[in-house]
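When you number the sequence shown by UniProt numbering, it's gap-free, plus one each residue, and the end is 350. Heads up: the structure comes next, in C-alpha cells.
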Amino acid sequence: MQKIPTAHFEAASTLAVVVSSNEPLLFLSDDQKVIAASASFCRAFDIDPKTVCGQSLSEIGNGEWAMPQLASLLTATASGSATIEAYEIDFQRPNQKTRHLVVNARTLDDGDIDHIRLLLAITDVTDARAEARLKDDLVRDNAILLQEVQHRVANSLQIIASVLMQSARRVQSEEARGHLHNAHHRVMSIAALQRQLSTSHGGMVELRTYFTQLCQSIGASMIAAPDRLSIQVAVDDSAVAADVSVRLGLVVTELVINALKHAFPDERTGAIVIDYRSSGKDWTLSVTDNGIGMPAGRDAPKAGLGTGIVEALAKSLNGDIQLSDAGPGAAVTISHGESAGLRTDLSTAA
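And the structure:
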C-alpha cells in the first residue's frame, strides 16, 4: 500500500474542515487566492461555489470583496507582522442593504512548508447588532415609562397624604386624629421612596438620600420647634433594592414617630439619630434618641399598631430587634446577619 505524504494528508484534512464548516470560512494562499470556501460562506454571500476556487479574494462575486484595507491586513498577517482579530467592516453589495461583518484571520500550517496559508473567518453581526439596539431601545423606553409611573405614584401618594392631614384637622376625636396622622406619615414614607426611585438607576435606592428626605418630611409635619428637636441621619453609602427600602423606610417612620411622641415630653430638647451600616450581606439599622428613656411598669405605653408594623417588617427582613437604654434615651436596633431572627418585641413602643 502506497504511503500518503504527510503534507498531502494535512492539506486534504484542512480542505475538508473548511469546506464542511458551518461557519463562513475562506482558505487563502499568501497571494490571497481562494483555495477553498465553506458552503456556508457561499450561501451567506450568494456566491456560486463552482466559481470561487482559484479566484483572487477581490474577484469573488461582483467584486464586493475588493477592499484595500482588508487586503492590506491579510498581507500583513501573511508576513507575520500583524493579525486580524475582530476587524469590523461594512460589506456592500449592489442593490442590497449594507451588512456589518466581523472578520478574523490567522496563518495556518497545512503541511506545505513552502507556502503560507491564511484562514479567514467571517461573521455577519448585522442582525445581532440590530437586535441589541432594539433591546437597548426597549430597556430605555421601559425605564422612562417606569420613571414616569413612579413620579405619578409619588404625586398621587402626596395627594392622599394631604387628604389624610386635612381629615386629621377636622376630626374631634384625639385618638382618630392620631391614627390619621400616623397614616399620613406612612403614606409620605412611600411617597418619598417613589420620588427616590424616579431618579435612581437600576432599581437600587441610596438609603442616605432616602432616609434624609423621609426624616425631613416627618420633621416638617411633627416638629413645631426645629431649634428644640432635630432628626439626624448617619448612613453609609449603602444602596438596596426597592422592596427592601420600602420596609426599612416604614421601620424608620414608625420608630421616629414613636420617639417624637414619647421621648420628649414637656418641650424637652433633644435629637433622634437614624444610623445604618452594612458590610457584605450584614447590616444594622438603629434609631436612637436622647430623651427620657424607656418607662417601665405602669408608665410604659401599651403596644400599638406601630409596634406590630415594626416587628412584622423586621421579621420579613430576617432581622433581630434589640431595645436598649441609650443613657439618656432609648435605642432600637435591627440587625441582619447569618443567624438573624426576631428575638425581642417592642413592648414599650407605640
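In this text, a Cβ means the ideal position worked out from N, Cα and C, and glycines have one as well.
Cβ-based neighbour list, residue i, same chain, cut-off 7 Å, excluding 5 preceding and 5 following
i, result
"T212", "V233"
"A86", "V102, N104"
"A36", "L15, V18, V19, F27, C53"
"L164", "L180, A183, H184, V187"
Other residues of its chain near residue i: CB distance less than 6 Å, five sequence neighbours each side excluded
i, result
"A66", "S58"
"R106", "L119"
Under 9 Å between C-beta atoms of residue i and residue j
i, j, result
"S230", "H185", "no"
"S238", "S278", "yes"
"D289", "F264", "yes"
"N257", "I218", "Correcting the residue identity first, residue 257 is Ile in this sequence and not Asn. Yes, these two residues count as a Cβ contact at 9 Å."
"D320", "M294", "no"
"residue 386", "I89", "Nothing about residue 386 can be read from this structure; the chain reaches only from 1 to 350."
"D275", "L285", "yes"
"Q322", "I309", "no"
"P328", "I272", "no"
"T98", "M188", "no"
"V287", "L255", "yes"
Close Cβ partners of residue i (< 8 Å) along its chain, the five nearest in sequence each way excluded
i, result
"G54", "K33, V34"
"A225", "E267"
"L73", "A82, I84, Y87, A105"
"G61", "F45, D46, I47, R93"
Separation of residue j from residue i, as counted between CA atoms
i, j, result
"D243", "G249", "10 Å"
"R177", "T209", "30 Å"
"A44", "T51", "15 Å"
"A168", "R268", "25 Å"
"K135", "V171", "53 Å"
"S173", "A183", "15 Å"
"P68", "H100", "17 Å"
"M204", "E23", "42 Å"
"M1", "D127", "Residue confidence is low: M1 scores 38 on pLDDT, short of 50, so the model does not pin down where it sits. No coordinate-derived value is stated."
"V332", "C215", "16 Å"
"R129", "T123", "12 Å"
"N95", "V139", "33 Å"
"F91", "L70", "11 Å"
"E148", "N142", "10 Å"
"H115", "G280", "59 Å"
"P49", "R133", "34 Å"
"G337", "A192", "27 Å"
Nearest-angstrom beta carbon gap, residue j and residue i [assumed within contact, 8 Å]
i, j, result
"E64", "R93", "5 Å"
"V240", "L207", "6 Å"
"I190", "V246", "7 Å"
"S38", "S21", "4 Å"
is_contact[residue i, chain C] using C-beta, thresh 9 Å
i, result
"S217", "Going by chain labels, chain C is absent from the structure shown, which holds only one protein chain."
task: Assess, as a yes-or-no matter, whether the region 66-81 is touched by the region 17-36 under the definition of 3 or more beta carbon pairs within less than 8 Å.
output: yes
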